[in-house]
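Following: one structure in structure tokens, then a few remarks.
Protein chains: 2
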Amino acid sequence: MTAPVPDGAFVSGPLALRDAALFTDLYEITMAASYFREGMTGQATFSLFVRVLPGGRAFLIAAGLEDVANYLQTFRFSEEAIAYLRSLGRFEAGFLDFLRGVRFTGHVRAVPEGTALFADEPLLEVTAPIIEAQLVETAVLNFCHLQTLLASKAVRSVMAARGRPVVDFGLRRAHGADAGMKAARSAFLAGAPTSSNVLAGLHYGIPPVGTMAHSFVAAFPREIDAFRAFGQAFPAHTTLLIDTYDTVAGARKAAQVAKEMEARGARLGAVRLDSGDLIALSREVRRVLDEAGLAYVRIFASGGLDEEMVERCVEEGAPIDGFGVGTRMDVSADAPYLDMAYKLVQYAGRHALKTSPGKETWPGEKQVYRLRGSDGRFAEDLLALHDEPPPPGEPEPLLRPVIRDGRLLDPLPALAASRERCAAQVAALPEALRRIKDRGTYPVRYSDRLVALQRAIVDQVTRLEGWAPQPNPFS
Amino acid sequence: MTAPVPDGAFVSGPLALRDAALFTDLYEITMAASYFREGMTGQATFSLFVRVLPGGRAFLIAAGLEDVANYLQTFRFSEEAIAYLRSLGRFEAGFLDFLRGVRFTGHVRAVPEGTALFADEPLLEVTAPIIEAQLVETAVLNFCHLQTLLASKAVRSVMAARGRPVVDFGLRRAHGADAGMKAARSAFLAGAPTSSNVLAGLHYGIPPVGTMAHSFVAAFPREIDAFRAFGQAFPAHTTLLIDTYDTVAGARKAAQVAKEMEARGARLGAVRLDSGDLIALSREVRRVLDEAGLAYVRIFASGGLDEEMVERCVEEGAPIDGFGVGTRMDVSADAPYLDMAYKLVQYAGRHALKTSPGKETWPGEKQVYRLRGSDGRFAEDLLALHDEPPPPGEPEPLLRPVIRDGRLLDPLPALAASRERCAAQVAALPEALRRIKDRGTYPVRYSDRLVALQRAIVDQVTRLEGWAPQPNPFS
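These protein sequence lines map, in sequence, to chains L and R.
Just so we're aligned, residue 23 is where the first sequence starts under my numbering, counting upward by one.
Just so we're aligned, residue 23 is where the second sequence starts under my numbering, counting upward by one.
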């Protein structure tokens with residue numbers, strides 16, 4: 023049933039965006055028009071990185087590369103897009119003709135999805151004729167920002183749950199259709215084994231889970247009628263939601279239905295708590311179940327959870343076997359955006375940076391070298407220029423060639439492989455970085471050559487442009 | 023160039039979501055299977071509302087109805103969707119056959135997009151056979167939540183700017199492709215006249231704006247070369263970004279280029295500040311421009327802005343003529359989600375509610391009546407049962423029939439009309455509600471019949487199910 027893809031569309035799983043080359047800030051196109059007019063055809067390198075991590079994050083999980091690769095390989099202005107740009111009355115005919123032929127012909131070096139990263143470390147670098155590299159900025163940022171944001175948030179609930187399953191429940195309040203899909207994908211990448219999102223099951227192979235809502239219980243004359251009906255319909259996958267009216271009373275009814283199911287040779291799988299004091303209630307519910315000889319019935323908790331609440335439940339020893347984490351994970355509620363930027367670091371062989379207060383950047387094409395300690399754990403990163411020799415030891419260069427001359431060099435890893443990489447990365451982080459609260463910081467060194475280069479360019483810019491550092495009261 | 027829409031796809035502007043009936047939490051489908059098995063074919067009414075407004079919001083702007091209407095009218099399970107559900111191994115063949123024929127045949131009553139709303143007031147009510155009304159829950163919530171969230175945030179920057187234009191700049195860090203489009207649409211609905219998002223120009227008719235980024239300046243040997251090139255390329259639409267290195271030095275170069283443009287009969291439109299102390303810098307830049315006889319050159323400010331910073335600029339009299347508001351608006355950074363719920367309020371003539379602590383709901387189909395004071399402003403709302411007589415005065419009933427028997431009764435208002443409604447609604451709010459800080463609260467009364475009904479049902483549930491109020495330590 024796959025439909026033909028419209029001209030100029032970007033496709034990501036079940037989602038297609040028509041005229042995706044216009045999914046951009048207008049200034050990318052006005053800048054391109056000026057580059058075109060000036061005959062600026064040199065190679066530019068842009069670096070995508072996060073300037074400062076939000077307070078609650080000790081590290082990032084890089085994600086979004088698959089969408090970037092699909093986008094770049096299919097980049098083109100449709101005839102409809104060209105006609106629209108013409109209608110704006112500000113672009114010359116020659117430029118519009120030129121746009122019709124623009125494809126992405128450049129190179130991309132990137133860290134694999136699932137890699138742990140820190141501030142200033144590039145997720146990817148794009149090297150291409152400046153017009154191409156500029157035109158793709160907005161989409162590249164949008165795709166990588168969302169998925170890195172969500173994976174970096176989801177991994178915290180996974181860490182907090184210490185092996186108990188975390189289920190992505192956030193589809194309804196994720197920010198739209200794309201975010202709903204990417205929330206499931208990012209949470210899976212970060213270690214959540216399942217999601218409530220059925221479409222994510224179809225398109226990403228993430229096992230979907232879910233049983234009943236309060237409306238189901240309320241639609242029956244009595245709560246126990248709802249429980250009985252559900253046990254009949256799903257003898258092998260029954261989780262009963264027991265907090266519609268009173269959680270402990272609901273647990274007693276669930277126990278009664280579980281005994282009725284036993285008599286039929288079926289087994290109640292779990293009960294779910296979705297409100298109230300989950301720690302205290304889980305203990306009361308566990309007692310009700312155990313006293314009924316239902317030690318096999320698991321307790322699942324949800325309802326406004328985030329990693330701090332999950333951690334509290336785990337630390338206090340609440341008898342909760344799994345967590346449904348929803349809205350707060352899928353919108354990254356405590357830090358709903360990253361200070362991610364896509365910055366020109368080199369043009370036509372000349373290094374570039376900006377010195378805007380609070381937004382200074384590092385010039386030049388880069389490499390991130392990761393060094394491990396004798397315990398096998400990550401010990402230090404070195405942010406260096408791409409063309410300088412690697413440091414001693416056996417550093418892992420994190421940025422790898424992904425696209426050359428506009429074409430993918432090798433198929434990207436499957437989602438399951440990226441997920442394994444993410445788990446291995448998290449396991450190799452220093453212990454203090456895996457804490458939910460009072461997190462440690464990770465040492466990222468800047469190579470001597472990089473520091474010297476930045477200093478030289480700042481000096482040059484200061485002489486040329488009259489730069490003076492200014493405080494930023496809003497930062 | 024419109025491509026054929028795939029079977030079972032949902033289309034929203036440039037975005038198509040294949041197999042949209044699976045864009046749902048699995049429990050909607052498991053509940054449907056149980057309703058099917060039980061022969062529960064009665065009419066259900068679900069009410070979509072926000073339980074509690076976030077701290078920073080005095081009111082909501084309802085949005086998302088257009089997507090809901092498109093989704094409901096095209097709702098169907100594709101063959102691919104049915105095959106996927108079969109592969110899960112938990113649904114009976116008879117139910118899957120039934121799903122193949124499911125369409126949305128119900129009714130929707132809704133408030134028009136752009137309407138100001140308060141806690142507990144329904145954005146819409148869906149009345150349909152319970153399986154249909156249940157299956158659409160997740161998507162209806164996702165669509166209305168996102169757009170209501172973003173419109174309710176954007177209107178605050180518009181209010182704070184007191185007539186100065188607010189431009190949506192947030193595409194790059196909006197949560198994905200759908201959110202990027204809806205951020206532009208929601209901001210326009212809320213009063214922002216333009217957006218940087220070009221695709222929103224093509225699909226929603228929102229005028230796109232934008233000029234240059236720091237990368238443009240950095241790609242030239244000297245800042246002034248970049249300014250000159252841009253002035254040549256866009257003599258009629260030139261805004262120069264002057265903070266790449268040093269804002270005041272940049273302003274002097276912009277003034278020089280403006281004089282060169284004057285000599286050619288062109289005019290520099292504006293300069294943009296994107297970092298630093300915008301209030302102090304705008305004053306210095308204004309002085310530089312005025313001293314050069316460039317009183318006509320406007321100053322535009324951006325860079326991490328939100329409504330509180332916009333208000334501060336305006337209140338302190340900073341000479342800023344327009345604001346680019348980006349990330350914090352497009353992710354609703356201070357409140358990135360709403361406590362929005364879709365709750366069963368009636369099934370087969372029986373009223374329903376839940377009594378989970380902190381999540382108690384109001385039963386029954388409802389109407390919101392809005393009463394104006396003698397000054398023409400909104401004075402009070404009455405939340406009442408749908409079938410009770412309206413209160414005295416000339417109340418406006420906010421919920422209106424939109425879909426009957428699955429079909430749209432009348433075309434929905436164009437976006438421009440919804441935008442006018444929004445502006446009129448905001449203008450009619452009590453003054454205290456339009457403050458950015460120290461906001462007032464709006465009186466919403468609950469009708470005597472509604473209160474009595476809730477009490478009666480709670481009594482009944484308490485008798486039947488053993489309800490006891492519990493504190494929620496997480497709420």
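From the three backbone atoms N, C-alpha and C, an ideal C-beta is built for every residue, glycine too.
Query, Result
"Which of the three DSSP states, helix, strand or coil, is assigned to His408/R?", "coil"
"Counting only beta-carbon atoms, is His129/R nearer than 8 Å to chain L?", "no"
"Note the first and the last residue of the continuous alpha helix (DSSP H) segment covering Ile499/R.", "This structure does not reach residue 499/R, given that chain R is present from 23 up to 497, and the question cannot be answered."
"Quick one: list the residues of chain R neighbouring Asn164/L, beta-carbon separation under 8 Å, in chain order.", "Leu193, Arg194, Arg195, Ala196, Gly198, Ala199 and Gly202"
"Looking only at its own chain, which residues have a Cβ that is under 8 Å from the Cβ of Met23/L, when we skip the five neighbours before and after it?", "Interpretation of Met23/L is limited by its pLDDT of 39, a score under 50 that renders its predicted location unreliable; the figure taken from the coordinates is listed afterwards. Excluding residues within five positions, none has a Cβ falling inside 8 Å."
"What does Gln254/R reach in chain L if we use C-beta pairs closer than 9 Å?", "Ser56, Arg59 and Glu60"
"What is the residue span of the alpha helix (DSSP H) that Ala141/L lies within?", "Premise fails: Ala141/L is in no alpha helix (DSSP H) and is neither H nor E."
"Between Thr46/R and chain C, is there a C-beta pair that is closer than 8 Å?", "The displayed structure is made up of protein chains L and R, and chain C is not among them."
"Across which residues does DSSP place Gln482/R in a beta bridge pair?", "Bridge partners of Gln482/R: none, in fact."
"With DSSP as the reference, please indicate the residues paired to Lys18/L in a beta bridge.", "With chain L covering 23 to 497 only, the question about residue 18/L has no answer from this structure."
"Quick check on Gly227/R: buried or exposed, where buried means 16 or more other Cβ atoms within 10 Å of its Cβ?", "exposed"
"Could you give the first and the last residue of the continuous alpha helix (DSSP H) run that contains Asp200/R?", "Gly198 to Leu211"
"Give a yes or no on whether the C-beta atoms belonging to Ala161/L and Ala240/R are separated by under 8 Å.", "no"
"Please say whether Ser237/R and Leu366/L have beta carbons closer to each other than 8 Å?", "yes"
"What residues in the segment 232-249 of chain R bring their beta carbon closer than 7 Å to a beta carbon of chain L?", "Gly232, Thr233, Met234, Ala235, His236, Ser237, Phe238, Ala240, Ala241, Arg244 and Glu245"
"By DSSP, does Arg320/L sit in helix, in strand, or in coil?", "strand"
"Alpha carbon to alpha carbon, how far is Arg73/R from Asp343/R?", "38 Å"
"Of all Cβ atoms in chain R, is any one closer than 8 Å to the Cβ of Met53/L?", "yes"
"State the DSSP-derived secondary structure class of Ile83/L, mapped to helix, strand or coil.", "strand"
"Give me the chain R residues within the contact set of Arg112/L, using Cβ-Cβ distance strictly less than 8 Å, ordered along the chain.", "Phe256, Ala258 and His259"
"Could you have a look at Leu375/R and say whether DSSP puts it in helix, strand or coil?", "coil"
"Just to confirm, is the Cβ distance from Ala406/L to Gln389/L under 8 Å?", "yes"
"Mind checking the segment 269-299 of chain L against chain R and listing, in chain order, the residues whose C-beta falls within less than 9 Å of any C-beta there?", "Thr269, Val270, Ala271, Gly272, Arg274, Lys275, Asp296, Ser297, Gly298 and Asp299"
"With DSSP run on the structure shown, which of helix, strand or coil describes Gly227/L?", "coil"
"Could you give the first and the last residue of the continuous alpha helix (DSSP H) run that contains Phe58/L?", "Leu48 to Glu60"
"Exposed or buried, Val220/R, counting other C-beta atoms within 10 Å across all chains shown (16 or more means buried)?", "buried"
"What span of residues does the beta strand (DSSP E) with Arg178/R cover, start to end?", "Looking at the DSSP string, Arg178/R is not in any beta strand (DSSP E); the run it does join, the alpha helix (DSSP H), is Glu159 to Ala182."
"Between the segment 149-180 of chain R and chain L, which residues of the former have CB atoms less than 7 Å from a CB of the latter, in chain order?", "Ile152, Gln156, Thr160, Leu163, Asn164, His167 and Leu168"
"Can you name the residues that DSSP bridges to Met362/R?", "Val72/R"
"May I ask which residues mark the beginning and end of the alpha helix (DSSP H) holding Thr233/L?", "Thr233/L -> no alpha helix (DSSP H), and no H or E assigned at all."
"Ends of the beta strand (DSSP E) at Tyr464/L?", "Element bounds for Tyr464/L: n/a, residue is neither H nor E."
"Hey, does Val220/R have any beta-carbon neighbour from chain L nearer than 8 Å?", "yes"
"Please report the residue range of the alpha helix (DSSP H) in which Thr186/L lies.", "In the sequence under discussion, the amino acid at residue 186/L is Arg, which differs from the Thr named in the question. Run containing Arg186/L: none; DSSP gives neither H nor E here."
"Using a 10 Å radius around the Cβ and a threshold of 16 neighbouring Cβ atoms, would you call Ser304/L buried or exposed?", "buried"
"Measure the C-alpha to C-alpha separation of Phe165/R and Gly371/R and round it to an integer number of angstroms.", "28 Å"
"Would you say Pro187/L lies against chain R (beta-carbon separation less than 8 Å)?", "no"
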